[in-house]
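Student:
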Amino acid sequence: YHNKIEDINQLDDYQQVKQNELDKLIKERKYCYYRRMKATSEEEKDEWSAKAKQFTPAIKKLRMEVKACDNIRNRSFKDDVERIAWKKIKQREQSR
Numbered sequence: 204y205h206n207k208i209e210d211i212n213q214l215d216d217y218q219q220v221k222q223n224e225l226d227k228l229i230k231e232r233k234y235c236y237y238r239r240m241k242a243t244s245e246e247e248k249d250e251w252s253a254k255a256k257q258f259t260p261a262i263k264k265l266r267m268e269v270k271a272c273d274n275i276r277n278r279s280f281k282d283d284v285e286r287i288a289w290k291k292i293k294q295r296e297q298s299r
């Protein structure tokens, strides 16, 4: 357990924290792009572009973590459904 997540509620909390971090970084990067658009000199535009690009690796990592949480949730849900289905099948067989 890399992040000590043991149930779906902890997974939801973790995902929400990561989503909030992601939203904040995206907002900061958008601001840099906005400033680049408003810049008057080529040097200033290059400076704002460089600042915006600094956010990209962290944004990429956070997007992957948020997506991983979704995948874990979907996989867990699928496993639960399969387990319940097998349980019902066994109950039917035993009741015959």
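Counting from 204, one number per residue, gives the positions in the sequence shown under the working numbering.
Ideal Cβ placement from N, Cα and C applies to all residues, glycine included.
For clarity, every value in this text was computed on a predicted model and none was experimentally measured.
If you run the structure through DSSP and keep just helix, strand and coil, what is Glu210?
Tutor: Before going further, note that residue 210 is Asp rather than Glu in the sequence given. The answer is coil: DSSP assigns Asp210 none of H, G, I, E or B.
Student: Hey, out of Lys227, Asp210, Cys272, Lys290, whose CA is closest to Phe258's CA?
Tutor: If we check each option's Cα against that of Phe258, Lys227 comes out closest.
Student: Around the C-beta of Gln219, are 16 or more other C-beta atoms found within 10 angstroms, so that it is buried, or is it exposed?
Tutor: So Gln219 ends up on the exposed side.
Student: So, does the CB of Arg232 fall closer than 9 Å to a CB anywhere in chain D?
Tutor: This model lacks chain D altogether; it includes just one protein chain.
Student: Excluding five sequence neighbours on each side, which residues of the same chain lie with their C-beta closer than 8 Å to the C-beta of Asp210?
Tutor: Here the set comprises nothing.
Student: How would you write the range of the alpha helix (DSSP H) that Ser244 sits in, first residue to last?
Tutor: No alpha helix (DSSP H) holds Ser244; DSSP gives it neither H nor E.
Student: Under the assumption that Lys233 contacts Ala242 (Cβ atoms under 8 Å), give the Cβ distance between them as a whole number of angstroms.
Tutor: Wrong, their Cβ atoms sit about 15 Å apart, outside the cutoff.
Student: Alpha carbon to alpha carbon, how far is Lys230 from Ser279? Give it in angstroms, no decimals.
Tutor: Going by the C-alpha atoms only, they are around 32 Å apart.
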